[in-house]
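The next block holds one structure in the form of structure tokens; read it before the comments.
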Amino acid sequence: MNAMTARALLVGLLVAVWVWVIGVARLHVAGWAGVVALGCYFAAGGGVSGLQKTVLGTLSGIVWVLLADAVRIAIGGNPIVNALILGAMVCALVLQSRVPFLSFTAGAFAGAGVALGLGVNTVTEAIRAGGALAVGAVLGFVAERVAGAIGARRG
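Going by this note's numbering, the final residue of the sequence shown carries number 157, and the count climbs one at a time with no gaps.
Here is the structure:
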């Protein structure tokens, strides 16, 4: 079995086990958010660097959604104000790429999208969303490492 096939099978198995654990343990976590982070992990190039970029990028997106929601609540947004706040948040997501450890813009957008999709507006909800994103990235890292070890052992 080549490394790509091993990685694909391991990722599928790990995601299945994780979603099963979420259901059995009745965790209030969105399994699909982890799949989003898994995609970000592979898009970031994998490895330790990809893991760091994915976790930091996606978590920053969640933080920006929390900040945007706080501003919206503070100034009592109407539809035009809400649109401007969201536009300002998107601008911030792009501008943060100037900071080297927050430069994975796709991850920031993915994290913000997950947070918006889940309706995150409290720190507790943000922690749940961030946890799901972090687990997804870690699943990719583990699958990649185990697949590499299997390939090295067979080679």
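Glycine residues also receive a C-beta, built at the ideal position from the N, C-alpha and C atoms.
- DSSP places Thr107 within a helical segment (H, G or I) once states are collapsed to three.
- The continuous alpha helix (DSSP H) containing Ala134 extends over residues 125–156.
- Straight across, the Cα-Cα distance linking Val21 with Phe143 is about 17 Å.
- Between Ala72 and Ala134, the beta carbon gap of about 22 Å keeps them out of contact (Cβ cut-off 8 Å).
- By alpha-carbon distance to Val125, the top candidate from Ile64, Gly36, Gly48 is Ile64.
- In terms of Cβ geometry, Ala27 and Val67 do not form a close pair [threshold 8 Å].
- Three or more beta-carbon pairs separated by less than 8 Å link the stretch 4–20 to the stretch 30–50, which places the two stretches in contact.
- Here the C-alpha atom of Ala149 lies approximately 9 Å from the C-alpha atom of Ala10.
- Annotation for Gly115: Val38, Gly63 place their beta carbon closer than 8 Å to its own, counting only its chain and skipping 5 residues before and after.
- Considering only Lys55, Arg74, Ile129, the residue with the shortest C-alpha distance to Leu86 is Arg74.
- Burial of Met91 is indicated by the presence of at least 16 other C-beta atoms within 10 angstroms of its C-beta.
- Contact check for Ala110 against Gly59 passes: the beta carbons are separated by less than 8 Å.
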